[in-house]
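Read through the structure below, which is laid out as structure tokens, and then see the notes.
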Amino acid sequence: MLPLLFQTLEQSFGSALSPAAFVTYWGAVLLLAYTLAAPIYRMWIDYATVRTGLERQWIMICPQCGERTVVQGRRCANCRGNLEIPLIVRLWHAGTMRRESRLARWIRWTIHGLAITGFVAVSLVGMVMTGALAPEGELHRLFLGIAITAWAAFGWLVGRALHLGPGGPLGRLRDAVLAVAAIGILAMALFLAHMARQNLEVTLVQFSTEGGMARLADQSLSLTGGEIEFEYLQLEHDLLGYHKIIGLALQGQGRVPIPRRNLQQWILRHLWEYADTYAARGLTVRRRTERLRVEHDQAYEVVLRGRDILTRRIGGGKPSVERP
280 MLPLLFQTLE
290 QSFGSALSPA
300 AFVTYWGAVL
310 LLAYTLAAPI
320 YRMWIDYATV
330 RTGLERQWIM
340 ICPQCGERTV
350 VQGRRCANCR
360 GNLEIPLIVR
370 LWHAGTMRRE
380 SRLARWIRWT
390 IHGLAITGFV
400 AVSLVGMVMT
410 GALAPEGELH
420 RLFLGIAITA
430 WAAFGWLVGR
440 ALHLGPGGPL
450 GRLRDAVLAV
460 AAIGILAMAL
470 FLAHMARQNL
480 EVTLVQFSTE
490 GGMARLADQS
500 LSLTGGEIEF
510 EYLQLEHDLL
520 GYHKIIGLAL
530 QGQGRVPIPR
540 RNLQQWILRH
550 LWEYADTYAA
560 RGLTVRRRTE
570 RLRVEHDQAY
580 EVVLRGRDIL
590 TRRIGGGKPS
600 VERP
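Right under this line is the structure:
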């Protein structure tokens, strides 16, 4: 399904695919930069405004006394009469009709600053982890552009929904719903970008050999006849064209699991325990092993290129496919 989708996109765009991907990608990068810079600029303007002594307040004509009054509640500041502000207006502008104290202002600036810093950090880490800094192919660049656009929209909407300042509950609820939609688009775009990535090569595990032993992290196992077995979990979905390999362990005269975090270990156990359930939904989960030939006193890495599992010496040498 996905290969057919990619082929259809390439045929539909034709020679326009490259400029379309270029505009989408760099437009998204500029949008993300604006999303990061705009709140910083807004905080700077807010700070300069406060230092100048300017204040933003609501003003209306009191229906009781006919005098102009500053709105700080439901009553007129002159005659203390009811301003008769409709409920829907009060709800929409809740929190904006009262004067902000100095302490509340500094708390708001601090929280906004921490939120901006966190968003910048997550954006940078995400760009590195997804390969967005070096797109591979025009389709990969196109989907990355869509993903970055969705991420920028998500950050902007979450900032509007959670910021400590003017804004009614209905507007915040609307922004929260749109933010959820943006994160869904982001997830789909990242999945498509991953599947469209050309010459994808993922390092599954690195190990070294010393004498007749193989060493992984701080554990070792004995080799059998100059060979080592690589155990992995294989995930496949024929309809989507999805294929993923996850390394589990190295085997020789013993078994050494690949070190993983607790959450990753739980996910792998869950996938294997519920393999039949996932198979009924089209996702095949299998455990397999590949027998790899190795030499003594070398450092190796096992990599996945496309659907091939390859081994190579670290620091040089061409990859070579080893089959049982």
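Taking our numbering, the leading residue of the sequence shown gets 280, the next gets one more, and so forth.
We put the CB at the ideal spot given by N, CA and C, even for glycine.
**Prompt:** Mind checking whether V581 and L483 have CB atoms under 8 Å apart?
**Reply:** Their beta carbons are under 8 Å apart, which means V581 touches L483 by this criterion.
**Asked** Just how far apart, CA to CA, sit R539 and T568?
**Response** Rounded to the nearest angstrom, the two C-alpha atoms are 19 Å apart.
**Under the three-state DSSP convention, the category I364 falls into** = DSSP, read as helix, strand or coil, puts I364 in coil.
**Message:** So, at 7 Å on beta carbons, what are the nonlocal neighbours of R586 in its own chain, with the 5 sequence-adjacent residues on each side left out?
**Reply:** Excluding residues within five positions, the ones whose Cβ falls inside 7 Å are H522.
**Asked** Which ranges does the alpha helix (DSSP H) cover as unbroken runs of at least 4 residues, wholly within the region 373 to 448, from first to last along the chain?
**Response** If we require 4 residues or more, the alpha helix (DSSP H) runs fully inside the region 373 to 448 come out as 381 to 408 and 417 to 441.
**Request:** Out of I386, F398 and I427, point me to the one whose CA is closest to V302's CA.
**Result:** Nearest C-alpha to V302: I427.
**Request:** Could you name the residues of the same chain whose beta carbon sits closer than 7 Å to that of G596, not counting the 5 residues immediately before and after it, in chain order?
**Result:** Annotation note: pLDDT 40 at G596 (below 50); position unreliable, no value reported.
**Message:** Output needed for G491: all residues of its chain with C-beta closer than 8 Å, excluding positions within five of it in sequence on either side, in chain order.
**Reply:** Cβ contact annotation for G491 (same chain, cutoff 8 Å, sequence separation greater than five): S501, L502 and H575, in chain order.
**Member of L310, F292, I537 and I593 whose CA lies at the smallest distance from the CA of W435** = Closest by alpha carbon: L310.
**Message:** I'd like the span of the beta strand (DSSP E) that includes Y521, first residue to last.
**Reply:** Element bounds for Y521: Y521 to G531.
**The alpha helix (DSSP H) enclosing R548, as first and last residue numbers** = In this chain, the alpha helix (DSSP H) harbouring R548 covers N541 to E552.
**Message:** Can you tell me whether P318 is helix, strand or coil according to DSSP?
**Reply:** Three-state DSSP puts P318 in a helix.
**Asked** What number of angstroms, rounded off, separates the C-alpha of L333 from the C-alpha of E289?
**Response** For L333 and E289, the distance between alpha carbons rounds to 56 Å.
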